[in-house]
Structures are given as C-alpha cells and as structure tokens.
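Taking it in order: structure first as structure tokens, then the write-up.
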Amino acid sequence: MNYQEVLNGIHYNVEKMGNCVEVAEICSNSKNIKYGDTFLAIVGIKQDGHKYISEAVRLGARIIICNKDKAASVEVPDDVTVISVEDTRAVFSKIANNFYGDPSSKFKLVGVTGTNGKTSTTTMVNHVFRSLGYNTALIGTINIYINGEVVDIERTTPTTPDCLELGKIMSMCVDQKVDYVFMEVSSMALKLGRVRSCQYHTAAFTNLSPEHLDDHKTMEDYRDSKLMLFPMAEHGVVNMDDESGVLFAEKASGETVRYGVKNKELCNLYGDNIEFFSDRVEFDAHWKGQKTHFKVMIPSLFAVYNTLAATGICLGLGVEMEKIRDALSEELNIAGRYEVIKGKRVTAIIDFAHTGVALENLLASVRQNKTYKRVISVFGCGGDRDNSKRSVMGGISQRLADYTVVTSDNPRTEDPMRIIGHILEGMDRSLDNFTVEPDREKAIEKAIEMAQDGDVVVISGKGHESVQIFNGYTVDFNDKTMAEKYLNLNNK
C-alpha cells in the first residue's frame, strides 16, 4: 500500500523523500521492525518512540512517520523516507484503520465499557449469537476468539488491543466473514484513542467504581474517558442503577436500552422478582410490556445485571427475548468469573474481582447461598496500581467473610508486604478473623486446609490469569489450578 493511502484523511508533510513509498508493514515498537517496514514514532506514557528511530532504521525501517515538532531532529540515511504529522498518537487509529481497509465498517461492532462486568457481558452476548448460528468474534481480557477459535496474536495491552493489533484482528474477522464483533473497551483505550476510527453499532455501559486512578488520577477523568465511547455508536445500552447512568444515557445516540433493578422508573428494561438458589439466580425481565423469566447458572446479583446488559445489547441487535432467554439459561462457564470448583467437603470460587465494589458484590453474593457454612476469603491487591482501594478492600473482606487470608496479587515492582500493610489499614487488627500469608500458593493452601465441611473458599483478584508478576520476572500461576491441587489434598 502506498504511504498516501495509509495517510488518507490525515494532514502530513513529506520531510524527506527516500527510495521507499510503499508501506509493507507498520510497527510502533522498534524491536519488531523488519526490512522494508514503516516505523511510527509515538510519544507514549513511559517511552518516546522518537528516541528509537535510529534503531528502527538500523533494523530495516524504510519509512519513518514522526511528530512535526520532532522532525527537525530526525537523522536518517538518504534512502529513508521521513513523514511528519501533528501528533502520531492522535492519528494512530486512523493509520491502522486505513492500512487494514476500514474493517469495522464490514460487520456490526459492539463495545462494552465499565469497571466490572465487561468480560461476562461480552461473553454472554457472544454465546447468544453463536447459538443462533452467526459468525462472531470476541475481543477481551481473557482471550480473543474468532468463530470460537482462539486467535494467536501477540498482545501489548490486557483488555483492548493497541491500534495495529486491533486492525489486524478486525481484518481477520473480515476474512473469516464475521457478522458481529463484541469488544471490551477499556478507559485507557478510549483516552489514548486506540478505537477512535472504529465504527460501533452499539455502546454499552455496565457500571463505574474507583479503579485505574493511577492512570486517570481522578474519577472524573476515568468516567469521561468511558463516556467517549457513546457518541461513537449508533445505539446505547446503559445501567441506570449506576449513579453515572443518567450521564451515559444522555451521551448515547439513537434508541437506547436503559436497564436496571432498582431505578425501574428510569428503565425500559428491568429485572424483578429475583430469587437466589444454590446453583443459579432466577428473575423476571420486563421489556415493552412483556415479562420473560430468566434462569442464569450463576447465583449472584451481578449475574442479573450482566444478563440485563447482554439482553439489552441483543434486543438492540434485533434478537427476540425468548431466544435470548433460552441461550442464557444454558450453563456458561467464563474463566475466572464466579468459577465454582466443588470438592467433596469444601467448595472454592475463583473470581477476577479486584476492586472494592467487585469484591463486595462477590462476597455478598456468596453469602446469599445458605448452603455454605463459613466464607473464607483469599485476596491481595496489585502493585504499581491505585493504592487507595487497598484498605477499602481489606475492610470489605473482613466485614463480609468469616475469615480472611490476606496475600499477594501481582506485586510488580512494589514490596508485597507494603501492599499488604495498606490492606490491613482497613481492617480491625484486634479481631481474630484474619491472617497474612504473602505467598499466594501457601495462602490458598492455608485457606483450604482450615476450611471445614460445607465451607467455601473465595479466591479473588486474579481470575483467569496464568502468571504472577513480580519485580522483573513472572512465574506460572493460576488460582484455579492451585485450588484444584489443594482441594484434592483436602478431600483425601
């Protein structure tokens, strides 16, 4: 593709014309450059790509795209083309979109944003459309799937892929004739413009609670970043029980599904008559004068909200309520999301809950299951992240669990005991209902060993994750694998 096609719709200047005008591949990481590639130099949060232009050229970059204010300092051989734009970060999504042929215009794209529930909601919607025989793709935290198959692609971000990765994935969706793509959209993906050139049919909002304040600094910035999704979409789906719901509904375009449980007067889709059982939750969903009874095989209130969000998206895409109900009544296992592991004497539940609200909802839901005797909570908090939630989560666990084992999550560059100290600040240390075990495997072992017949051990924070991240290294680690290991020992 000619560089003029790649930069279509973008104001640019050719600072230096070399021998190359064809864009074979685009890279924003100089380490990935091969001969003939184009290097896009981006000023990131931690690194300035302009510092790596020489390395990119040494590895074979033939075209450099840089910021206008950095162009004068770019020194390259005569055969290398240099092009400047006002801000490479601002046009990154447009460049990727041009390079991959505007893929999101060739299927219906649904974006789901919110602090909690994105993975469950997108997985539910994907399940409905797969059950109806459509070709689908799912782009999210756990994995990327096209027509049910995992896509083997290197990822640099945990939730929403970066522009080039996303363009490549969407191009694959076009090649495989995908009808619908369901995507988790993170606040930072929106703030940094990763999805700026995507054409969304539906934008959905699940909820908002304190998270990622290390990146956003304020809740207002966090909320406003998520709000950016809604003017980009033709239709909206909004949780009206969240205190920010009215604002999101105001930003939504076209016909909007407003759902909830408490603020029914604000909703056109709402749930009531909620009943919890040991293995499921049942409720009635009301939509345009029609009442439909749902059975969802996750016994929690947040499952009701995720089901309503998924239902709202499906309704907006023209699926009949009965078909949605039938699909979502099937047992649907989502890795690391209220994943129940039953031993002979003790049950373990694995969940990704890593915010105060998520942990509170999780433990409150577990307590609603009266077949459990004691609730034992195992959790920690991640390092190099917002530390204001740590003490809050400590207080929540101590209040809602019968016993808490405070441990490590992903400490990253922080001292695990410093993180644990922050958690303990929110706990009453005079009470004899908690212990500290910084080794996460030993913490899980200890919790299962102390569990008695009928108890449940709730292991939260890492969910589906397969590694634990320390300062400069990672180790293989999965909560479910560890729980199964010690449940088997416990049950002998």
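Sequential numbering of the sequence shown, starting at 167, is according to my numbering.
We treat Cβ as the ideally placed atom computed from N, Cα and C, and that holds for glycine.
| said: Report the CB separation of ASN535 from SER444 in whole angstroms; it is logged as a contact under 8 Å. | reply: 6 Å
| field | With 16 other Cβ atoms within 10 Å as the buried cut-off, status of VAL316 | value | exposed
| query | Taking just the CA atoms, how far does SER531 sit from LEU393? | reply | 29 Å
| query | Residue range of the alpha helix (DSSP H) that ASN637 falls in? | reply | Counting along the chain, ASN637 falls outside any alpha helix (DSSP H), and DSSP gives it neither H nor E.
| Euclidean distance between Cα positions of ALA617 and ASP642 | 25 Å
| said: Can you list, in chain order, the residues of its chain with a C-beta nearer than 6 Å to that of ASN138? Leave out the 5 residues immediately preceding and following it. | reply: Look at the range of the chain in this structure, 167 to 658, and you will see that residue 138 is not part of it.
| said: Using 9 Å as the threshold, is the C-beta distance between TYR504 and LEU474 below it? | reply: no
| task | Report yes or no: do three or more beta-carbon pairs, one from the segment 608 to 616 and one from the segment 547 to 554, lie closer than 8 Å? | result | No, the segment 608 to 616 is not in contact with the segment 547 to 554.
| request: Within 10 angstroms of the Cβ of MET349, are there 16 or more other Cβ atoms? Answer buried if so, exposed if not. | output: buried
| Which stretch, first to last residue, makes up the beta strand (DSSP E) that contains TYR178? | 178 to 182
| task | Can you check the segment 242 to 274 for any beta strand (DSSP E) of at least 3 residues that lies completely inside it and give the ranges in chain order? | result | 247 to 251
| query | Which residues mark the beginning and the end of the alpha helix (DSSP H) in which GLU331 is found? | reply | 329 to 341
| request: Please look up how many angstroms separate the CB atoms of VAL180 and ILE249, rounded, as I've assumed it's under 8 Å. | output: Indeed they touch by this definition, with Cβ atoms about 6 Å apart.
| task | Excluding the 5 residues preceding and the 5 following THR640 in the sequence, name in chain order all residues of the same chain whose CB lies nearer than 7 Å to its CB. | result | VAL633, GLN634
| query | Using a Cβ-Cβ cut-off of 8 Å (strictly less than) and excluding sequence neighbours within five positions of TYR201, which residues of its own chain qualify? | reply | LEU225, GLY226, ARG228
| said: Quick check for students: name the residue ranges of the alpha helix (DSSP H) that lie wholly in the segment 499 to 540, counting only runs of 4 or more. | reply: 522 to 533
| request: Out of ASP581, ASP268, LYS646, GLU650, point me to the one whose CA is closest to ILE500's CA. | output: LYS646
| request: For GLY502, I'd like the list of residues in its chain whose CB is within less than 8 Å of its CB, leaving aside the five on either flank, ordered along the chain. | output: ILE308, ILE516, ASP517, PHE518, LYS628, GLY629, HIS630, GLU631, ASP645, LYS646
| message | With distance defined between alpha-carbon atoms, name the residue in THR322, TYR266, LYS651 nearest to ASN195. | response | THR322
| query | So what's ASP387 in DSSP terms, helix, strand or just coil? | reply | helix
| task | Could you check what DSSP says for GLN456 in three-state terms: helix, strand or coil? | result | strand
| field | Pairwise C-alpha distance: ARG360 and MET336 | value | 13 Å
| query | Among the residues of its own chain, which have a CB less than 6 Å from the CB of ASP245, if the five just before and after it don't count? | reply | GLY184, ASN185
| query | Which residue's Cα is closest to the Cα of GLU221: ILE211, TYR436, LEU206? | reply | The option with the nearest alpha carbon to GLU221 is LEU206.
| said: Within a Cβ cutoff of 8 Å, which residues of the same chain sit near ILE440, ignoring the five residues on either side of it in sequence? | reply: VAL427, VAL447, GLU448, PHE449, LEU467, VAL470
| task | Measure the beta-carbon distance from TYR569 to PHE600 and round it to whole angstroms, keeping in mind my assumption that it falls under 8 Å. | result | 7 Å
| Can you round the beta-carbon distance between VAL404 and THR422 to whole angstroms, since I take them to be within the 8 Å contact cut? | 6 Å
| message | Suppose the cutoff is 6 Å on Cβ atoms and the five residues either side in sequence are ignored; what does the same chain contact list for TYR661 look like? | response | Outside the displayed span of the chain (167 to 658) sits residue 661, for which this structure offers no information.
| query | Taking the continuous alpha helix (DSSP H) assigned at GLY560, which residues delimit it? | reply | 554 to 566
| request: Can you check the segment 408 to 450 for any alpha helix (DSSP H) of at least 4 residues that lies completely inside it and give the ranges in chain order? | output: Taking only runs of at least 4 residues, the alpha helix (DSSP H) segments lying wholly in the segment 408 to 450 are 411 to 417.
| task | Using DSSP bridges, identify the partner residues of ASN233. | result | VAL251
| task | Leaving aside the five residues before and after LEU298 along the sequence, list all residues of the same chain whose C-beta is less than 8 Å from its C-beta, in chain order. | result | VAL485, LYS489, ALA493
| field | Contact the segment 590 to 597 vs the segment 505 to 514: 3+ CB pairs below 8 Å | value | Cβ pair count under 8 Å is below three, so no.
| query | Is the CB-CB distance between THR123 and TYR169 below 9 Å? | reply | Outside the displayed span of the chain (167 to 658) sits residue 123, for which this structure offers no information.
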